[in-house]
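Worksheet: one structure, shown below.
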Amino acid sequence: MGGQMEQNAPVQHHVHHSNHAAAAGTDTGDAVMARWLQSAGLQHLAAPLAAAALDHRLLPSLLMQDYARYGVQSLEDKQKLFRLIKTISSGVEPASEPTTPPPFSRSASQSGMDGFLSPELRGDFDPGLLDLHSIDDTEFFPETSIPEPFQPSPSFLAVVEKGFESEYEGHSMNIKQQTKLQGLSVSSPHRSVSTEKDRNGSSNSGIARIKVVVRKRPINKKELARKEEDIITIKDTDCSLTVHEPKVKVDLTAYVEKHEFVFDAVLDQYVSNDEVYRTTVEPIVPTIFQRTKATCFAYGQTGSGKTYTMQPLPLRATQDIMALMQQPTYRSQGLQLWLSFFEIYGGKLYDLLNERRKLCMREDGRQQVCIVGLQEYRVSDVELVKEYIEKGNLSRSTGSTGANEESSRSHAILQLVIKKAPEGNDTKGNRVVGKISFIDLAGSERGADTTDNDRQTRMEGAEINKSLLALKECIRALDNDQGHIPFRGSKLTEVLRDSFMGDSRTVMISCVSPNAGSCEHTLNTLRYADRVKGLSKNNNSKKDLSSTASTQREMTSSPPLPPIPAQLAPQVPEHVLDNRAAENGRRPPLDPGWYVQHGEREALNNLLNEHTFAGRDASRATSAPVEKDRPSNVDMSEGGLYDLHENENERVQVFLPSRRKGDREEKVERHVSRDDMPKAEGVPRRQNEQLTIASAYSRVDSEVDLVQFNHEGHINAILEEEEEVISAHRKEVEDTMEIVREEMKLLAEVDQPGSRIDRYVSQLNYVLSRKAAGIVNLQARLARFQRHLKEQEILSRTGGLRQI
Ligand SMILES: Nc1ncnc2c1ncn2[C@@H]1O[C@H](COP(=O)(O)OP(=O)(O)OP(=O)(O)O)[C@@H](O)[C@H]1O
Numbered sequence: 001m002g003g004q005m006e007q008n009a010p011v012q013h014h015v016h017h018s019n020h021a022a023a024a025g026t027d028t029g030d031a032v033m034a035r036w037l038q039s040a041g042l043q044h045l046a047a048p049l050a051a052a053a054l055d056h057r058l059l060p061s062l063l064m065q066d067y068a069r070y071g072v073q074s075l076e077d078k079q080k081l082f083r084l085i086k087t088i089s090s091g092v093e094p095a096s097e098p099t100t101p102p103p104f105s106r107s108a109s110q111s112g113m114d115g116f117l118s119p120e121l122r123g124d125f126d127p128g129l130l131d132l133h134s135i136d137d138t139e140f141f142p143e144t145s146i147p148e149p150f151q152p153s154p155s156f157l158a159v160v161e162k163g164f165e166s167e168y169e170g171h172s173m174n175i176k177q178q179t180k181l182q183g184l185s186v187s188s189p190h191r192s193v194s195t196e197k198d199r200n201g202s203s204n205s206g207i208a209r210i211k212v213v214v215r216k217r218p219i220n221k222k223e224l225a226r227k228e229e230d231i232i233t234i235k236d237t238d239c240s241l242t243v244h245e246p247k248v249k250v251d252l253t254a255y256v257e258k259h260e261f262v263f264d265a266v267l268d269q270y271v272s273n274d275e276v277y278r279t280t281v282e283p284i285v286p287t288i289f290q291r292t293k294a295t296c297f298a299y300g301q302t303g304s305g306k307t308y309t310m311q312p313l314p315l316r317a318t319q320d321i322m323a324l325m326q327q328p329t330y331r332s333q334g335l336q337l338w339l340s341f342f343e344i345y346g347g348k349l350y351d352l353l354n355e356r357r358k359l360c361m362r363e364d365g366r367q368q369v370c371i372v373g374l375q376e377y378r379v380s381d382v383e384l385v386k387e388y389i390e391k392g393n394l395s396r397s398t399g400s401t402g403a404n405e406e407s408s409r410s411h412a413i414l415q416l417v418i419k420k421a422p423e424g425n426d427t428k429g430n431r432v433v434g435k436i437s438f439i440d441l442a443g444s445e446r447g448a449d450t451t452d453n454d455r456q457t458r459m460e461g462a463e464i465n466k467s468l469l470a471l472k473e474c475i476r477a478l479d480n481d482q483g484h485i486p487f488r489g490s491k492l493t494e495v496l497r498d499s500f501m502g503d504s505r506t507v508m509i510s511c512v513s514p515n516a517g518s519c520e521h522t523l524n525t526l527r528y529a530d531r532v533k534g535l536s537k538n539n540n541s542k543k544d545l546s547s548t549a550s551t552q553r554e555m556t557s558s559p560p561l562p563p564i565p566a567q568l569a570p571q572v573p574e575h576v577l578d579n580r581a582a583e584n585g586r587r588p589p590l591d592p593g594w595y596v597q598h599g600e601r602e603a604l605n606n607l608l609n610e611h612t613f614a615g616r617d618a619s620r621a622t623s624a625p626v627e628k629d630r631p632s633n634v635d636m637s638e639g640g641l642y643d644l645h646e647n648e649n650e651r652v653q654v655f656l657p658s659r660r661k662g663d664r665e666e667k668v669e670r671h672v673s674r675d676d677m678p679k680a681e682g683v684p685r686r687q688n689e690q691l692t693i694a695s696a697y698s699r700v701d702s703e704v705d706l707v708q709f710n711h712e713g714h715i716n717a718i719l720e721e722e723e724e725v726i727s728a729h730r731k732e733v734e735d736t737m738e739i740v741r742e743e744m745k746l747l748a749e750v751d752q753p754g755s756r757i758d759r760y761v762s763q764l765n766y767v768l769s770r771k772a773a774g775i776v777n778l779q780a781r782l783a784r785f786q787r788h789l790k791e792q793e794i795l796s797r798t799g800g801l802r803q804i
């Protein structure tokens with residue numbers, strides 16, 4: 001399962017560096033360049049490099065500091081380009097020959113190609129295709145995102161007809177749902193909707209608290225024009241999805257690496273929005289009449305279909321909610337449906353239905369989150385909801401970055417709230433019965449916009465990254481009945497706080513693009529989804545194995561994390577230093593895998609403890625209940641630790657701090673203050689924030705998260721300090737005005753006959769020194785903030801903030 005490699009014929013062309021042009025045979029320079037870029041997965045750079053007249057012969061001499069000038073923006077692209085240049089410089093021609101086609105390659109046979117790799121990769125690249133901007137990728141898709149007429153599903157109608165008794169049983173609904181879905185899978189050969197419950201036959205826990213669904217969009221016209229392959233296959237019989245990643249070995253042999261994932265449901269490119277609704281939201285709609293808070297969110301790379309998927313869902317949900325409200329049980333209860341639509345952009349809230357008015361979030365005495373100023377609209381029909389959605393979408397923030405010209409950089413949250421009108425003399429106003437939130441998250445790769453661009457973009461990227469990480473943690477905590485939900489991790493999770501409390505249901509729809517060029521982002525999206533689902537109590541073992549196996553393969557190919565700059569790196573204690581490194585005065589890399597490989601398990605624990613709870617006293621650090629669970633020989637790779645005693649090909653996940661339910665239950669919910677968290681020198685820490693040990697551990701679940709965790713502290717601190725500087729300035733202006741009033745008064749007094757000049761002088765002196773002190777204080781604060789910004793910039797530029 002997973003991790004299988006399809007070996008193909010070697011494709012190397014061993015030629016000397018200076019002979020590249022000759023080795024390229026009769027190829028034009030453009031074709032050589034295109035082939036090189038394609039082999040490195042950098043085909044999108046062909047246009048900017050051609051526009052900058054960078055000849056392929058000059059490519060080997062391109063310096064890293066010039067990358068940005070040629071449109072190479074992301075860290076990932078820089079790394080790829082660097083590796084490509086290294087390959088070329090070593091006198092090796094990057095791979096270019098076709099290989100055996102995999103069975104799933106649709107367009108290979110259609111286009112008469114006899115290989116998996118596209119013509120560009122084989123050398124017969126048409127440079128004209130590189131003019132990407134001349135192709136409209138929306139043509140391939142219907143103009144509107146809400147194209148299908150809604151047909152209430154038979155199962156939903158069955159519930160409605162039945163009158164939906166107040167003792168609603170999710171279980172019976174589920175069985176109906178399953179029957180319907182099974183019918184769909186069988187009756188429509190072009191569609192693939194499969195759910196895990198189809199296979200299991202029944203659900204024993206009613207509607208799952210968390211459901212993770214993946215939707216693949218069709219390949220679009222732009223991708224077809226670039227002759228990109230569809231690299232995702234879906235097996236509807238077992239809800240599995242395989243990503244066929246084209247790769248090239250060091251010896252330039254091309255091969256395809258398979259990554260297999262299993263989710264609760266996988267939806268292929270033929271599945272309609274209506275079916276998406278039936279698989280995801282429809283089962284949870286009735287629960288919101290029972291005080292449940294439901295959340296449905298779409299996660300994925302820009303352009304993967306999040307908005308296309310999310311937009312119709314509230315419409316379908318409204319229709320079903322309205323139908324339920326008409327049922328005898330609810331008809332007389334005076335229920336009303338209210339809608340609000342806002343976005344979180346750069347950590348701030350804006351009302352999308354009220355001219356993007358800035359909103360404030362407050363907590364009331366009962367710790368209920370309240371968004372001050374948010375407009376809510378009563379809705380009574382679907383058309384109105386549609387109008388509001390369109391209006392809100394027009395107000396959404398978009399940004400321009402190196403990778404995509406326009407993409408959503410905000411989280412859009414549409415909430416439908418069922419309220420009960422007050423009865424009789426009740427003056428308390430409407431009471432909330434239940435709520436469903438639809439969240440169109442920012443493009444997941446936006447979290448990687450932390451290394452380049454301007455400060456604004458970097459901060460936005462960091463905020464997105466932080467919120468996606470926090471969201472994942474909250475969902476995990478929810479599913480594990482963890483007492484403490486770390487919703488304070490980001491604005492997004494704070495806003496969703498009441499959705500995480502009490503009885504709740506969450507559906508995550510991971511949207512993926514099928515084209516080869518999106519492979520890395522697709523894998524990131526699926527790994528995120530896998531992590532969300534991976535620790536679910538309802539999770540089945542098959543999925544664990546497959547994802548583990550996938551991870552195992554990926555481990556060998558993932559590039560090492562960039563080092564943290566010395567001045568900002570948390571200090572690893574001497575006792576965890578490698579002996580040789582210590583002799584040379586060097587520290588081993590900040591790489592948990594290194595410690596594991598070198599049998600330094602204790603050192604790894606210390607490292608984790610040091611990083612997680614820097615500053616705690618030693619006894620607290622070592623008393624964390626992690627050590628005793630740890631196996632003697634483990635391998636840490638992305639997503640967990642795996643037992644190396646097992647068969648190499650079937651590693652079993654054996655340890656992951658705080659992820660295992662047992663671990664969590666044993667853990668005492670001790671609180672550590674935010675001050676105990678890692679912090680770079682000079683960067684202020686957030687006060688009065690609490691983080692449980694359990695949640696802190698759950699964040700340190702891979703080397704990526706480890707570094708991420710460290711940097712989150714900086715981002716929080718910077719964002720907070722920004723607010724503090726602005727309010728300090730505001731206060732300074734107010735103080736100055738007060739002082740000016742005092743000065744005017746002094747002037748007025750001194751003008752009076754018989755005034756005492758000595759008194760005037762001493763008072764003026766006092767007033768002026770207050771004025772000067774205020775300015776000096778503000779300047780000191782500004783200088784400190786500037787320094788912190790600079791530090792954060794260094795951290796970002798060295799790649800410390802990576803996409804999760
Ligand atoms: N399942 C699908 N079937 C047909 N067209 C689709 C599908 N999914 C997405 N599309 C089309 O793909 C394009 C990009 O989709 P969409 O705007 O929803 O992406 P997104 O993930 O929301 O991107 P962003 O994060 O930038 O907002 C749109 O033109 C949309 O119509």
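For the sequence shown, counting from 1, position 29 maps to 29 in the UniProt record's numbering; every step adds exactly one. Glycine is no exception: its CB is placed at the ideal position from the N, C-alpha and C atoms.
- In the structure shown, Ala773 falls within a helical segment according to DSSP collapsed to helix, strand and coil.
- Put simply, the backbone Cα of Glu738 is about 14 Å away from that of His729.
- Residue burial annotation: Cys360 is exposed, with fewer than 16 other C-beta atoms found within 10 angstroms of its C-beta.
- Secondary structure note for Asp351: its beta strand (DSSP E) is the uninterrupted segment Lys348 to Asp351.
- Distance between Thr242 and His259, taken at the CA atoms: about 5 Å.
- Note on Glu275: 16 or more other CB atoms within 10 angstroms of its CB, so buried under the neighbour-count rule.
- Under DSSP, the beta-bridge partners assigned to Val248 are Ala254.
- For ligand 1, no non-hydrogen atom lies closer than 7 Å to the CB of Arg226.
- Under the DSSP assignment, Asp440 falls in the beta strand (DSSP E) whose first and last residues are Arg431 to Asp440.
- Taking 7 Å as the cut-off, the C-beta of Arg278 does not count as close to any heavy atom of ligand 1.
- Judged by DSSP in its simplified three-state form, Lys386 adopts helix.
- Assignment of Phe297 by DSSP, reduced to helix, strand and coil, places it in the strand class.
- Your pair Gly305 and Arg215 checks out as a contact, with CB atoms roughly 6 Å apart and the cut at 8 Å.
- Annotation for Arg505: the continuous beta strand (DSSP E) segment containing it runs Ser504 to Val512.
- Distance from the C-beta of Asn465 to the nearest heavy atom of ligand 1 is not below 7 Å.
- 8 Å or more divides the Cβ of Val433 from the Cβ of Phe342.
- Excluding the 5 residues flanking it on each side, Gln43 has same chain C-beta neighbours closer than 6 Å at Leu37, in chain order.
- Boundaries for Phe341: no alpha helix (DSSP H) harbours it, while the beta strand (DSSP E) harbouring it runs Leu335 to Tyr345, taken from the DSSP string.
- The beta carbon of Met33 sits closer than 6 Å to the beta carbons of His56 from its chain, once the five residues preceding and following it are set aside; these are given in chain order.
- For Val271, the secondary structure class from DSSP, reduced to helix, strand or coil, is coil.
- Straight across, the Cα-Cα distance linking Asn524 with Ser332 is about 48 Å.
- Ala68 is the residue among Pro60, Ala68 and Glu742 whose C-alpha sits nearest the C-alpha of Pro48.
- Residues of the same chain with a CB within less than 6 Å of the CB of Ala51, apart from the 5 flanking positions on each side, do not exist.
- Here the distance from the Cβ of Lys306 to the nearest heavy atom of ligand 1 is below 7 Å.
- Cys519 is positioned such that its CB atom lies no closer than 8 Å to that of Glu223.
- Annotation: Val213 is outside any alpha helix (DSSP H); the continuous beta strand (DSSP E) that includes it extends over Ile210 to Lys216.
- Using a 10 angstroms sphere on the CB of Ile509, the tally of other CB atoms reaches 16 or more, which defines it as buried.
- Pairing Ile284 with Ile210 gives a Cβ-Cβ distance that is not under 8 Å.
- In this structure, the beta-carbon distance from Leu62 to Ile85 falls below 8 Å.
- For Ser410, the secondary structure class from DSSP, reduced to helix, strand or coil, is coil.
- Here DSSP, grouped into helix, strand and coil, assigns Val72 to coil.
- Exposed is the label assigned to Arg759, since fewer than 16 other Cβ atoms lie within 10 Å of its Cβ.
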